[in-house]
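Down below is the structure, laid out as structure tokens.
Protein chains: 2
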Amino acid sequence: MKHILPEDIEQTSMSIIAQELGERGIVLPKEHDAVVKRVIHTTADFDFARNLSFTPNAVDLAKAALLRGAAIVTDTNMARAGISKPALTKLGGQIRCFMADEDVARAAREKGTTRAMAAMEKAVRQYPNAVFAIGNAPTALLRIAELIEEGLQPALVIGVPVGFVNVVESKKVALMVCQANGIPAILAMGRKGGSGVAAAVCNALLYQAAEEIGLVN
Amino acid sequence: MKHILPEDIEQTSMSIIAQELGERGIVLPKEHDAVVKRVIHTTADFDFARNLSFTPNAVDLAKAALLRGAAIVTDTNMARAGISKPALTKLGGQIRCFMADEDVARAAREKGTTRAMAAMEKAVRQYPNAVFAIGNAPTALLRIAELIEEGLQPALVIGVPVGFVNVVESKKVALMVCQANGIPAILAMGRKGGSGVAAAVCNALLYQAAEEIGLVN
Chain A
17 MKHILPEDIE QTSMSIIAQE LGERGIVLPK EHDAVVKRVI HTTADFDFAR NLSFTPNAVD
77 LAKAALLRGA AIVTDTNMAR AGISKPALTK LGGQIRCFMA DEDVARAARE KGTTRAMAAM
137 EKAVRQYPNA VFAIGNAPTA LLRIAELIEE GLQPALVIGV PVGFVNVVES KKVALMVCQA
197 NGIPAILAMG RKGGSGVAAA VCNALLYQAA EEIGLVN
Chain B
17 MKHILPEDIE QTSMSIIAQE LGERGIVLPK EHDAVVKRVI HTTADFDFAR NLSFTPNAVD
77 LAKAALLRGA AIVTDTNMAR AGISKPALTK LGGQIRCFMA DEDVARAARE KGTTRAMAAM
137 EKAVRQYPNA VFAIGNAPTA LLRIAELIEE GLQPALVIGV PVGFVNVVES KKVALMVCQA
197 NGIPAILAMG RKGGSGVAAA VCNALLYQAA EEIGLVN
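For the record, the sequence lines run as chains A and B.
Just so you know, we're using my numbering here: the first sequence kicks off at 17 and counts up by one.
Just so you know, we're using my numbering here: the second sequence kicks off at 17 and counts up by one.
Structure representation (structure tokens):
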């Protein structure tokens with residue numbers, strides 16, 4: 017067992033990740049580097065080096081939005097719990113998840129939709145220009161894609177649901193819709209993803225944004 | 017895109033997982049089946065079919081403890097957020113995470129240890145026979161292993177930290193210590209794991225325990 021200071025563990029981990037990416041012959045575009053490495057740091061899964069898909073300038077546009085204090089909306093309380101509150105607070109942003117709200121449950125029952133869809137509908141009324149970080153529900157991601165087609169302009173779509181039913185398809189649809197409408201997006205194509213991945217993408221962006229204005233994490 | 021009712025998505029996912037395990041030639045012991053499948057459901061990562069390691073009767077012993085109302089202690093608020101509150105409440109259990117406590121931060125500073133270790137020390141004073149679900153910090157898992165060597169008797173150790181530094185080693189040590197001391201343990205050997213995996217293992221156990229006494233999830 018290596019005796020290593022807690023503050024050095026992350027740096028050592030990132031060095032190992034960089035080295036093993038090199039051994040796999042993977043060269044990350046500079047703009048994507050921090051996001052991809054943080055997702056691998058969170059999952060220990062190098063598949064994400066190939067699965068993560070970015071629209072042009074997605075990272076720079078997302079950082080700019082977070083520096084303006086954009087809110088982050090998630091589709092799980094687990095992703096909300098994993099996002100760095102100190103970094104977000106320094107940037108003046110906030111994080112919201114409406115999944116457990118009573119009025120969301122009621123709206124879903126009345127309309128015969130999923131709670132995740134109803135939660136997104138509530139979110140876009142309050143935070144139409146938020147970063148939407150979807151780590152669980154393909155229906156939430158598809159609803160955001162539909163709303164973009166109707167004119168919604170989120171700061172960023174993080175589309176990383178995980179699973180076996182409609183997940184792969186929902187991410188393909190979201191990527192196409194975001195590309196066609198000029199909306200920045202970061203998606204984990206394929207089956208993999210999850211709340212931890214959603215939080216990791218958010219944190220990589222928050223840390224970079226905070227660093228940009230000289231705030232230490 | 018398949019039109020499928022939300023309540024059928026999980027069942028369909030589990031059928032796909034069962035089929036693809038078969039295609040990979042993987043036959044799960046009956047006792048491990050629900051835990052392994054739920055972790056794959058949460059991660060879409062079939063590596064866990066081979067990574068997850070169980071001490072003898074770990075699942076049955078854990079279910080019995082949860083039916084007695086055993087508490088669950090986690091090392092991240094993210095894992096806490098991911099554990100099913102309805103199932104836990106039905107069983108009379110509770111879930112605790114001490115990572116964000118001010119006295120834990122102070123104890124860690126004073127002793128020069130990690131917050132995760134200090135959080136475990138606080139936890140074992142209050143809940144010595146809990147289920148300890150460690151999804152992040154190898155130092156937390158190692159501290160639990162040391163305390164077991166000193167006589168601690170947790171109901172179950174879920175050891176699924178994720179990462180690149182001391183993670184693999186911490187899980188090997190924990191497995192050896194649990195085996196030597198007759199403590200039930202479920203570990204994700206290797207680098208992979210995480211808060212989502214910790215929550216998935218807990219939920220698989222909680223659902224089975226609730227089902228056993230005729231409570232519907």
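We treat Cβ as the ideally placed atom computed from N, Cα and C, and that holds for glycine.
None of the values given here were measured: they were computed from a predicted structure.
By a beta-carbon distance limit of 8 Å, Arg122/B does not contact Val89/B. Their separation comes to about 19 Å. Burial check for Ile42/A: the Cβ neighbour count within 10 Å stays below 16, so the residue is exposed. Sixteen is the threshold: since fewer than 16 other Cβ atoms of the shown chains lie within 10 Å of the Cβ of Leu21/A, the residue is exposed.
Only residues of its own chain outside the window of five on either side were considered, and among them Ala220 and Gln224 have a CB closer than 6 Å to the CB of Ala50/B, listed in chain order. A residue is called buried when at least 16 other Cβ atoms come within 10 angstroms of its Cβ; Ala116/B does not meet this threshold and is exposed. Taking 9 Å as the CB threshold, Ser100/A stays off the interface with chain B. Against chain B, a Cβ distance below 9 Å from Ser69/A picks out nothing, because the smallest value is about 16 Å. Taken through DSSP and simplified to helix, strand or coil, Phe64/B comes out as helix.
In the three-state scheme derived from DSSP, where H, G and I count as helix and E and B as strand, Val89/A is classed as strand. By the neighbour-count definition (other C-beta atoms within 10 Å, threshold 16), Gly198/B is an exposed residue. The DSSP-derived three-state label of Ser69/A is strand. Straight across, the Cα-Cα distance linking Lys106/B with Lys79/B is about 13 Å.
Across the structure, Arg125/B and Ala149/B are spaced so that their CA atoms are roughly 24 Å apart. Within 10 angstroms of the beta-carbon of Arg84/B lie fewer than 16 other beta-carbons, which makes it exposed. As computed with DSSP, Ala201/A is found in a beta bridge with Val173/A. For Asp61/B, the nearest CB of chain A lies under 9 Å from its own CB, placing it at the interface with that chain. In the DSSP assignment, Arg112/B falls within the beta strand (DSSP E) that extends over Ile111 to Cys113. At least 9 Å separates the CB of Thr105/A from every CB of chain B. Secondary structure of Ala149/B (DSSP, three-state): strand. Within the same chain, Cβ atoms closer than 7 Å to the Cβ of Ala215/A are found at Ala95, Gly98 and Ile99, the five residues on either side in sequence being excluded.
Listed along chain A, the residues sitting closer than 8 Å to Gly212/B by beta-carbon distance are Met94, Gly210, Ser211 and Gly212. When the Cα atoms are used, Ile174/B and Ile202/B turn out to be separated by approximately 5 Å.
Ranked by Cα distance from Leu168/B, the options Ala132/B, Gln142/B, Leu77/B and Phe114/B are led by Gln142/B.
Of the candidates Gly109/B, Gly108/B, Leu104/B and Pro170/B, Pro170/B places its Cα closest to the Cα of Met136/B. In this structure Arg207/A is in contact with Ala60/B, their Cβ atoms being roughly 4 Å apart against a cut-off of 8 Å. According to the DSSP assignment, Thr105/B belongs to the alpha helix (DSSP H) that extends over Lys101 to Lys106. Neighbours of Thr28/A in chain B, taken as residues whose beta carbon is under 8 Å from its own, are Phe180 and Val181 in chain order.
Gly167/A sits in coil when the DSSP states are folded into three classes, being neither helix nor strand.
One Cα belongs to Gly209/A, the other to Pro154/A, and the distance between them is close to 11 Å. Interface with chain B (9 Å Cβ-Cβ cutoff): Ile32/A is included.
Distance between Val184/B and Phe64/A, taken at the CA atoms: about 20 Å. Around Thr90/A, no beta-carbon contact reaches into chain B at under 8 Å, the shortest distance being about 11 Å.
Under the criterion of beta carbons closer than 8 Å, Gly109/B and Ala87/B qualify as touching, at roughly 6 Å.
Within 10 angstroms of the beta-carbon of Asp24/A lie fewer than 16 other beta-carbons, which makes it exposed.
In this structure, DSSP gives Ala196/B a helical state, which the three-state scheme calls helix.
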